[in-house]
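J.: I have a structure I would like to understand better, so I am pasting it below and will then ask my questions one at a time.
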Amino acid sequence: MFTALAGTPLAEVQAALAEHGQYLPFDPPLAAAGATLGGAVATGLSGSGRRRYGGVRDFIIGMRYVDGQGRLVRSGGKVVKNAAGFDQHKLLVGSLGSLGVIVEVSFKVFPQPLAFATLQISGLSLASAIDTIGRLSTSHFDLEALDLLPAEGAYTLLLRIGGPAAVLPARLEHLRRWQGRGEAVADDAAIWQRTATFSWLPRGAKLAKAPLTLAALPALDAMLASCNAARRYIDGSNLAWIAWPGAWDELDAQLLALGLSGVALLGPPTEQPLLGLHNGANLAARIKQTLDPENKFPPLNGGKQ
Amino acid sequence: MPNSALIDALATFLPVHRLLRQAAELAPYESDALTAFRSRPGAVVLAETQEEVVRVVELCHRHSVPFVARGSGTSLSGGSLPVAGGVVIALNRLNRIVHLDPQRRIAVVEPGVINLDVTKAAAPHGLYYAPDPSSQLICTIGGNVAFNSGGAHCLKYGMTANHVLGIKAVLPDGAVVQLGGDSLESVGPDLAGFFVGSEGLFGIALEITVRLLPRPELYRTVLAAYHSLAAAGDAVAQVVASGLLPGAMEIMDNLAIQAAEAAVHAGYPRDAAALLIVELEGERVQVEAEFAHLLQVVEASGPYEVRVAKDDADRARIWKGRKSAFSAVGRLSPDYIVQDGVVPRSRLGEALAAIQRLSAQHGLRVANVFHAGDGNLHPLILYSGRTPGELERAETLAGEILNLCIELGGSITGEHGVGVEKRAYMPAMFNPVDLAVMNELRLAIDPKELANRGKMLPDGDAPSLTHPGIHPLEQQGVISRA
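These protein sequences, in sequence, are chains A and B. Under our numbering, read the first sequence as residues 8 to 312, first letter to last. Under our numbering, read the second sequence as residues 347 to 828, first letter to last.
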């Protein structure tokens, strides 16, 4: 585990962990762009690597934050397992600054795989990509990442594995034989770097994320295709990165119509960063009233009900 | 103080065999697995539907009567101890697996579903539910959610909170809310994550969406015997430093070994001062390669015997001994206290040596069986309630062990929760501001303090740490000792 102040750049954390052969398994994106640890927590951002062991919510173990009354509050602890008290550090994940100012966070970390390799399966229809993801999900293959991206009128699946370099060729070959097709990616690091830095975003596009399920994928993808939005789906289609060409309120309305939620990440500032459908408003409002009774921080959900 | 107006209201929609009122019917609900305390509820409702649970909670709120949700009553921290005269809402009959979607690796279950039954339902699809408390044969998911339960295999994939994606819950005032959803990802504050581990103070989970994991292709399990407990503790640090990520890493000391052998004949080396169990899981080629590395690390840690599980039956035997250890200790002693503290893994050896010292000081035997990979200690303090003063000494020793965990930078509970047992220790772990914020959150969600009143949050007259003395609730005559 490690504890760091919230303003610590992710890149610095990653470098310090790497010296000890450790890593942040939830794979926060935008590290190269200068993203901080506290920012990753407040926005609740995890990257493609969340496939293996889970997202930021699964690795945060403790926090200090300042609430709306100026109180320095501690939640959780500095050990990997702890069941004492209410886990307010979970609440602050994804809170977008509405509940408190995060000042210090503790995370559990894991040993970093010694090497990585990626199998690329191209030219899939959406239906066959969905079928493959479904079959992979009930198979015994341990994937570090499972991304789906539209490419040249079809879809490409990227399957990443990690472990000792000596066994990766055999594992990749098992995967290829099981799937009946696919080829090893020559430069594994480069292809994943592209996803983590969002260098695939078209110029001027906004970026949003939307939690997703495999069942909801066809309708979302059809909408995005019709709006000419570039997109990638990570973690077996549990999360969509959306390069939105239009206005935020248009995406808000589209997600709402699909029964999905989302959050605006990059682009022009918006008063209402949470998009689409939201639940738990009853509980969230009581929490907001407790931690920030005078509304010193931005409203939850942009004040939208 | 049974509230007759509430009872009358409950009786309008609950048949008499599901609204228990007679002393003999109430007796089984007076206590849970923290058997030192008991308390008689005013009524027990055997709920069969989610709507009934909501209605009972609404009525309790209207009549200002405290209620306690209960599954199989396996809480080791007294989490389901009733409030005297209050209502117990028994959820075992809400045991439907509503939905299981293998392609999306999720299951939607009611709170009364037994932990292991989720894995049984998922198994035909090659999936399983990861959190595995030792009581998984009988404990329920609702209780697991309330107490963020762990288990031996939480090292790699985390505790209950890491496996709960969505919760439909009834808040203490009867409002029904949906928290989270059925995606692994979420936006906005992680309300589902916040609800998990709230020990029933935020209301009752009615429907829980859990994530399932694919069953590993291969498990490889090794058992190493050591001449000292400290050597086994050091071996854990060496495995952690080796860059391997085991699925489980457990230690049992000699007393625990003796108990497990007597109970289930696991075939453990009986003369070992400590046993280390390490298990790797994953794809075959990788596990085989990593297991060879693991064996080198283990051999280098100075064990006097190393055994590798030959097959599934061998592996099952090793785990049966480990999982039966808590109850097996009952063969060694008429009474025992199960403790649950956490220390940083790097200070495991230090903690174990200190516990041995404390054990000798107080003249009480302590058996250690614990999740070493997580630094989660489970000292079992053996005593006889018939010997005057022994319980008090055992409680003093238990308190000193918790203080030790805090001093080493750890926690007073890794997976059993605070419950009624450790309320008095919360101020040692959290400062007054931390505790005030927790209390305010509780009051915002439950202004009448009806949901699982008397658990987790300390009250003003908590006894001091060094002199546990009489529990405050006991002083008030709310609970009494068996």
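We treat Cβ as the ideally placed atom computed from N, Cα and C, and that holds for glycine.
Mind checking which residues open and close the beta strand (DSSP E) that includes residue 553 (chain B)?
T.: Looking at the DSSP string, the run of the beta strand (DSSP E) that includes residue 553 (chain B) is 550-557.
J.: Using the three-state DSSP reduction, which class does residue 289 (chain A) fall into: helix, strand or coil?
T.: If DSSP states are grouped into helix, strand and coil, residue 289 (chain A) belongs with the helices.
J.: Quick one: is residue 500 (chain B) near chain A, going by C-beta distance under 8 Å?
T.: At least one chain A Cβ lies under 8 Å of residue 500 (chain B).
J.: Please report the straight-line C-alpha distance between residue 304 (chain A) and residue 523 (chain B), rounded to a whole angstrom.
T.: Cα to Cα, the separation comes out at about 24 Å.
J.: If we require 3 or more residues per run, which beta strand (DSSP E) segments fall completely within the stretch 647-695 of chain B?
T.: You should have 651-654, 681-684.
J.: Could you confirm whether any beta carbon from chain B is found closer than 8 Å to the beta carbon of residue 133 (chain A)?
T.: With 8 Å as the cut-off, residue 133 (chain A) does not count as an interface residue toward chain B.
J.: Does DSSP classify residue 141 (chain A) as helix, strand or coil?
T.: Residue 141 (chain A) falls in the helix class under three-state DSSP.
J.: Closer than 7 Å by C-beta to residue 471 (chain B): which residues in its own chain qualify, once you throw out the five before and the five after it? Chain order, please.
T.: So the list reads 448, once near-sequence residues are dropped.
J.: So residue 146 (chain A) contacts chain B; which residues on that side make the cut at Cβ distance below 8 Å?
T.: 472, 560, listed in chain order.
J.: Three Cβ pairs or more, each shorter than 8 Å: is that satisfied between the stretch 615-625 of chain B and the stretch 679-693 of chain B?
T.: Because the criterion of three Cβ pairs below 8 Å is not met, the stretch 615-625 of chain B and the stretch 679-693 of chain B do not touch.
J.: If you measure beta-carbon to beta-carbon, which residues of the stretch 529-545 of chain B are closer than 7 Å to chain A?
T.: Those would be 529, 530, 531, 532, 533, 534, 535, 536, 537, 539, 540, 543, 544, in chain order.
J.: According to DSSP, is residue 228 (chain A) helix, strand or coil?
T.: Residue state, collapsed to three classes: helix.
J.: For the stretch 758-777 of chain B, which residues have a beta carbon sitting closer than 9 Å to at least one beta carbon of chain A?
T.: From the stretch 758-777 of chain B, only 758, 759, 760, 761, 762, 763, 764, 768, 771, 772, 775, 776, 777 have a Cβ closer than 9 Å to chain A.
J.: By alpha-carbon positions, which one of B:804, B:796, B:802 ends up nearest to residue 550 (chain B)?
T.: Closest option to residue 550 (chain B), Cα to Cα, is B:796.
J.: So, at 7 Å on beta carbons, what are the nonlocal neighbours of residue 234 (chain A) in its own chain, with the 5 sequence-adjacent residues on each side left out?
T.: Result list for residue 234 (chain A): 252, 253, in chain order.
J.: What is the rounded straight-line gap between the Cα of residue 156 (chain A) and the Cα of residue 51 (chain A)?
T.: The straight-line gap from Cα to Cα measures roughly 22 Å.
J.: Can you list the residues of chain B that residue 10 (chain A) reaches, using a CB-CB cut of under 8 Å?
T.: By Cβ distance, chain B contributes nothing, its closest Cβ being about 10 Å from residue 10 (chain A), past 8 Å.
J.: Going by other Cβ atoms of all chains shown within 10 Å of its Cβ, with 16 needed for buried, is residue 629 (chain B) buried or exposed?
T.: It counts as buried.
J.: Roughly how many angstroms separate the alpha carbons of residue 20 (chain A) and residue 83 (chain A), rounded to a whole number?
T.: Rounded to whole angstroms, residue 20 (chain A) to residue 83 (chain A) spans 20 Å at the Cα level.
J.: Does any CB atom of chain A fall closer than 8 Å to the CB of residue 780 (chain B)?
T.: Residue 780 (chain B) counts as touching chain A.
J.: For residue 51 (chain A), which residues in chain B fall below 9 Å Cβ to Cβ?
T.: Here the neighbours are 531, 532, 533, 534, 535, 536.
J.: Can you check whether the CB of residue 166 (chain A) is closer than 8 Å to the CB of residue 153 (chain A)?
T.: Going by C-beta atoms, residue 153 (chain A) is nearer than 8 Å to residue 166 (chain A).
J.: Put residue 258 (chain A) into one of helix, strand or coil per three-state DSSP.
T.: Correct three-state label for residue 258 (chain A): helix.
J.: Taking Cβ-Cβ distances below 9 Å as the criterion, which residues of the stretch 665-697 of chain B are in contact with chain A?
T.: Of all residues in the stretch 665-697 of chain B, 686, 688, 689, 690, 691 have a Cβ within less than 9 Å of some Cβ in chain A.
J.: Taking the straight line between their C-alpha atoms, what separation do you get for residue 279 (chain A) and residue 302 (chain A)?
T.: Between residue 279 (chain A) and residue 302 (chain A), the C-alpha separation is close to 16 Å.
J.: Taking the beta strand (DSSP E) that residue 524 (chain B) falls in, what are its first and last residues?
T.: Where residue 524 (chain B) is concerned, the enclosing beta strand (DSSP E) stretches over 522-526.
J.: What do you get for residue 620 (chain B), buried or exposed, if any count of 16 or more other CB atoms within 10 angstroms of its CB means buried?
T.: Residue 620 (chain B) is buried by the Cβ-count criterion.
J.: Go ahead and label residue 370 (chain B) buried or exposed: buried means 16 or more other beta carbons lie within 10 angstroms of its beta carbon, across all protein chains shown.
T.: It counts as exposed.
J.: At a Cβ cut of 7 Å, what residues of the stretch 443-457 of chain B count as close to chain A, listed as they run along the chain?
T.: Listed by position along the chain: 448, 449, 450, 451.
J.: Using a Cβ cut-off of 8 Å, which residues of the stretch 613-628 of chain B contact any Cβ in chain A, in chain order?
T.: Cβ contacts with chain A: 628.
J.: If we cut at 8 Å on Cβ distances, does residue 487 (chain B) have a partner in chain A?
T.: Not closer than 8 Å to any Cβ of chain A, the Cβ of residue 487 (chain B) fails to qualify, so no.
J.: List the endpoints of the continuous alpha helix (DSSP H) containing residue 465 (chain B).
T.: Taken as a continuous stretch (DSSP letters only), the alpha helix (DSSP H) holding residue 465 (chain B) covers 461-468.
J.: Given a threshold of 16 other Cβ atoms within 10 Å of its Cβ, counted over all protein chains shown, does residue 571 (chain B) qualify as buried or as exposed?
T.: It is buried - the Cβ of residue 571 (chain B) has at least 16 other Cβ atoms within 10 Å.
J.: At a Cβ threshold of 8 Å, is residue 595 (chain B) touching chain A?
T.: Judged by the 8 Å Cβ criterion, residue 595 (chain B) is not in contact with chain A.
J.: Are residue 691 (chain B) and residue 637 (chain B) close, meaning C-beta to C-beta below 8 Å?
T.: In this structure, residue 637 (chain B) does not lie closer than 8 Å to residue 691 (chain B) by Cβ.
J.: Beta carbon of residue 217 (chain A), beta carbon of residue 267 (chain A): below 8 Å?
T.: Their beta carbons are under 8 Å apart, which means residue 217 (chain A) touches residue 267 (chain A) by this criterion.
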